[in-house]
Amino acid sequence: MHGSSQQIVHHHAPPTGFIRKYVFSLDHKVIGEQYYALALVAVYIGLVLSWIMRIHLAWPNAAIPGLQFLSKTGAPGGLLTPEYYLQLMTMHGTIMVFFVLTTAPFAGFGNYFLPIQVGAEDMPFPHINMMSFWVTFVAFCVAVAAFFVPQGPPLSGWTAYAPLSALGAVAGPGQGTGQVLWAVSIGIFCIGQLLGSLNFISTTLDMRCKGMSLMRLPITVWAWFITSCIGLTAFAVLMPACILLILDHIAGTSFFIPSGLVVNDQLQPHAGGSTLLWQHLFWFFGHPEVYIAIVPAMGVVSHVLITSMRRPLLSHRVIIYSMIAIGFLSYMVYGHHMFLSGMNPFSSIAFSFPTLAITVPATIIVLIWIGSLYGSKLRINTASLFALGFISMFVSGGISGFFLAQPSIDIMLHATYFVVGHFHLVMAVAALFGIFAGTYFWFGKVTGRMMNETLGKIHFWVTFVGAYCIFMPFHYLGMAGNVRRYQAFVDDFMGPLMPVHKFITIAALITGAAQLVFLYNLIHSRFWGKPAPQNPWEGTSLEWTIPSPPPFDNFGGKIPVVYHDPYQYGIEASTGDFVMQDSPESINSVRDES
Amino acid sequence: MAKLFAVTIIVIAIASAIPIVMHIWEPPADISVHGKMIDEQMSETMVEAGICFLVAQLVLGFFIWRYSNRPKTEKIKSFPGGARGLVAAAVVVVGLEVMALGAFGTRAWAAIYFTPPSPNALPVQVQAGQFAFYFRYPGPDGKFGPLHPELINEGTENFFGLDTTHDADSKDDIVTAELAVPVNRDIHLLMHSKDVGHSFFVRELRIQQDFVPGLDLSVHFTPTKIGRYEILCTQLCGLGHYNMKAYLEVMSQDDFDKWLEQQAALQ
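These protein sequences, in sequence, are chains A and B.
Its first residue numbered 4, the first sequence is counted upward by one per residue in my numbering.
Its first residue numbered 154, the second sequence is counted upward by one per residue in my numbering.
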């Protein structure tokens with residue numbers, strides 16, 4: 004507790020058995036690793052799904068060997084059917100957004116490092132923490148189970164727009180059992196995130212060690228804290244929305260289904276629902292979700308960048324205030340997903356301006372990063388390369404938001420590949436770069452062994468250039484009117500765009516292959532990497548004051564006392580150009596230059 | 154390594170801008186009265202976004218080149234003006250720029266959504282369903298007959314669920330599979346979905362609007378060029394979504410009148 008004495012009470016003893024140590028563990032570090040491992044499994048499933056989609060888009064008549072084993076009806080002889088394309092697309096989006104982009108940078112890194120960085124030996128509610136992971140794990144299993152039920156997973160996309168998602172099997176393959184499993188999975192996932200957010204917030208507010216004032220928290224902690232606050236409200240809306248969707252399927256309700264709908268010449272026995280209600284509920288979660296993915300990545304990137312630049316950012320406070328502003332505005336902008344949805348056209352204008360306004364805090368953050376590079380002493384390693392790559396990706400993806408925030412331009416770009424390019428760069432690739440930066444940076448702390456830098460740099464180069472080769476052309480396709488969620492483009496005006504699709508597919512296959520280098524590096528370094536010193540990057544925050552890997556109770560039974568702001572670099576101290584947060588050494592502090 | 158990275162960022166930034174500057178992939182020419190405003194708004198946004206993109210990437214690349222791996226003896230310097238100057242730049246330059254863009258952009262939006270259709274606009278009802286569009290013209294009486302969803306039957310080609318036996322207004326309604334319209338006349342499109350969400354997108358018309366089941370919406374537009382254009386569904390509607398298409402035929406008024414007579418005879 005902040006301000007309390009150094010005396011501590013172990014709220015749980017070190018486990019002894021395998022099950023309590025590695026499976027149902029109460030240790031926030033093990034839970035963090037479990038989240039990361041879950042995201043790792045999920046991201047490779049998502050990657051393979053994207054490969055299948057890309058191959059099919061470029062060569063629609065090519066059979067993909069082995070695909071028939073996943074679904075005999077969906078891919079007879081390895082040839083993807085139109086509905087199975089949509090089903091794989093739905094699962095790609097669902098798995099990537101929920102089980103990778105939410106799970107790794109927030110729940111994975113956050114669980115592991117938030118308590119250490121605030122100077123706590125664990126979270127206040129370890130059982131709730133354990134439950135949050137296992138609930139998320141069950142959610143993942145339920146989502147994946149959709150592959151194996153008759154008719155397969157749903158085909159309504161990760162946004163599951165009603166009434167397509169609510170009508171049941173009559174609306175198409177996978178819209179019965181598959182769609183119910185999807186809603187159950189996401190509903191359960193929300194519970195896991197709510198439990199996790201609760202723990203993050205209380206750890207940040209109540210478990211800080213002596214001297215750790217709010218402004219002495221590293222930016223990572225602020226990012227996880229802000230994300231938890233966003234998550235607590237966003238997931239609290241999605242969960243009931245999923246329950247209502249399930250009820251429409253199994254209880255004969257009509258929350259999202261109006262009267263008079265005729266599917267396959269059958270009048271549907273529903274009345275009184277609103278299809279736009281689903282969109283409002285979904286996007287009230289869905290837009291903040293973008294920030295749930297990106298704000299933790301911003302925190303990690305700032306943390307890595309500061310350590311690599313050997314100087315604090317131009318302003319610690321301004322970055323934090325900007326992240327808070329982004330979190331706050333994130334609730335006022337969700338309607339930009341619905342400009343053309345049929346809501347009142349005046350609402351589109353009302354949602355347009357906050358969307359444009361969110362550019363301001365985002366630009367402040369980017370300018371502070373770039374401005375802080377000026378006059379720094381940048382050290383280049385794989386972690387800092389990914390952090391710098393993140394800035395480049397975030398700028399590229401963010402700027403296309405200038406277009407999509409305007410309802411009049413959205414008329415031409417909505418539902419095209421421009422949107423797909425935009426959100427992949429700004430949310431998916433940027434967040435993944437944050438995850439990679441964090442992984443290369445903290446791997447030594449977590450495992451006690453360093454990752455291989457040569458393999459890391461190969462991974463970086465192919466991923467950085469490859470991601471641009473994939474997602475920049477998406478924007479060009481969108482500008483030419485190439486619509487998304489089509490499984491083939493051969494018979495219409497989009498036919499001439501096929502060479503671009505082929506180029507993207509080849510880039511996607513190569514970039515995806517580089518992720519196997521990362522996986523190899525991860526596994527090989529885990530067992531045979533060079534032993535990691537306690538503080539390999541000469542960092543200042545509390546995770547670098549403890550051994551690699553950290554002991555069970557983080558600080559060896561002695562809670563630290565903090566004397567300094569988090570990023571005291573570029574100074575003259577006995578340790579070099581930096582001073583650890585818990586060092587009592589007196590220095591001329593580096594102050595904010597705002 | 155840092156210099157290579159800096160060069161890579163700069164090369165990628167410039168290479169990304171080339172197809173846009175050279176107009177390699179662009180939407181087809183506009184054929185609507187309001188479309189010019191959207192195109193202008195798009196161009197203005199492209200210029201401003203392009204400048205922001207290039208400046209940010211080039212400066213990032215340059216700083217990485219300049220400030221990496223410096224000797225230990227060199228001191229840390231700070232950006233002139235510090236955070237205060239950068240915050241001011243973000244608010245004044247970027248913030249005002251995008252807000253102004255947004256404000257100007259509302260003109261194009263208002264031209265479509267806040268301007269009522271002209272009194273002599275031609276009303277056409279379009280119905281979207283898995284996975285086809287059908288169009289209905291009111292016939293000589295100028296009135297659409299009511300819809301009876303329970304009567305919808307694809308086998309008997311009663312796509313809208315019309316009761317031509319009992320409803321007088323339905324008797325002369327003309328149902329077609331393509332959207333023919335006279336050139337230079339305002340078209341008032343009344344949008345109805347019979348099953349799930351769909352969307353109506355014609356690139357050349359600069360019109361895209363979702364169909365909302367249970368909620369009948371409308372848009373209006375004036376086509377200015379005779380020709381045949383693709384209508385696409387852009388809202389994921391099921392397994393045949395990629396194949397849900399129809400055609401827009403913009404004709405002279407004479408050709409349209411003849412076409413409508415022919416279609417009436419086929420009912």
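Just so it is clear, CB atoms sit at the ideal spot from N, CA and C, and this is done for glycine as well.
Helix, strand or coil at residue i [DSSP, three-state]
i             : result
residue 11/A  : Unreliable positioning characterises residue 11/A in this predicted model, as indicated by a pLDDT of 47, which lies under 50. A coordinate reading is not provided.
residue 566/A : coil
residue 97/A  : helix
residue 319/B : coil
residue 280/B : strand
residue 419/A : strand
residue 524/A : helix
residue 161/B : helix
residue 214/B : helix
residue 197/B : helix
residue 334/A : coil
residue 355/B : strand
residue 17/A  : coil
residue 310/B : coil
residue 546/A : helix
residue 90/A  : helix
residue 305/B : coil
residue 213/A : strand
Limits of the alpha helix (DSSP H) - the one that residue i falls within
i             : result
residue 209/A : 180-209
residue 57/A  : 31-61
residue 341/B : Taken as a continuous stretch (DSSP letters only), residue 341/B belongs to no alpha helix (DSSP H), being part of the beta strand (DSSP E) at 340-346.
residue 376/A : 362-376
residue 334/B : Counting along the chain, residue 334/B falls outside any alpha helix (DSSP H), though it belongs to the beta strand (DSSP E) covering 332-335.
residue 224/A : 222-253
residue 293/A : 278-312
residue 399/A : 385-402
Min CB distance residue i to chain A below 8 Å
i             : result
residue 421/B : Because chain B here runs from 154 to 420, residue 421/B falls outside it and cannot be looked at.
residue 406/B : no
residue 160/B : no
residue 269/B : no
residue 367/B : yes
residue 211/B : no
Endpoints, beta strand (DSSP E) assigned at residue i
i             : result
residue 288/B : 285-290
residue 398/B : 398-404
residue 329/B : 327-329
residue 576/A : 572-576
residue 383/B : 380-385
residue 370/B : 370-374
Min CB distance residue i to chain B below 8 Å
i             : result
residue 537/A : no
residue 57/A  : no
residue 471/A : yes
residue 523/A : no
residue 268/A : yes
residue 283/A : no
residue 340/A : no
residue 433/A : no
residue 575/A : no
residue 591/A : no
residue 336/A : no
residue 356/A : yes
Supposed contact pair residue j and residue i - C-beta distance, whole angstroms, cut 8 Å
i             : j             : result
residue 68/A  : residue 81/A  : 5 Å
residue 410/A : residue 351/A : 4 Å
residue 266/A : residue 169/A : That belief does not hold up - the Cβ atoms of residue 266/A and residue 169/A are roughly 11 Å apart, past 8 Å.
residue 598/A : residue 32/A  : The structure shown does not extend to residue 598/A, since chain A spans only 4 to 597, so no value can be given for it.
residue 520/A : residue 462/A : 5 Å
Handout entry: Contacting positions in the segment 372-404 of chain B - beta carbon closer than 8 Å to chain A
Key = 383, 385, 387, 388, 389, 390, 391, 392, 393, 394, 395, 396, 398
Exercise for the section: Give the residues from the segment 365-381 of chain A that approach chain B closer than 8 Å (Cβ to any Cβ), ordered along the chain. Expected result: 366, 367, 369, 370, 371, 373, 374, 375, 376, 377, 378, 379, 380, 381
Practice task
Pull out every residue of the segment 217-241 of chain B whose Cβ sits closer than 9 Å to any Cβ of chain A, in chain order.
Solution key: Under the 9 Å Cβ criterion, the segment 217-241 of chain B contributes 217, 219, 220, 221, 222, 223, 224, 225, 227, 228, 229, 230, 231, 232, 233, 234, 235, 236, 237, 238, 239, 240.
Practice task
For the segment 317-337 of chain B, enumerate the residues whose C-beta is nearer than 7 Å to any C-beta of chain A, in chain order.
Solution key: none
Exercise for the section: Could you name the residues of the segment 174-187 of chain A whose beta carbon sits closer than 7 Å to any beta carbon of chain B, in the order they occur along the chain? Expected result: 174, 175, 176
Practice task
Return the residues of the segment 488-500 of chain A that lie within a Cβ-Cβ distance of less than 7 Å from chain B, sorted by chain order.
Solution key: 488, 489, 490, 491, 495, 496
Exercise for the section: Could you name the residues of the segment 389-408 of chain A whose beta carbon sits closer than 8 Å to any beta carbon of chain B, in the order they occur along the chain? Expected result: 391, 394, 395, 398, 399, 402, 403, 405, 406, 408
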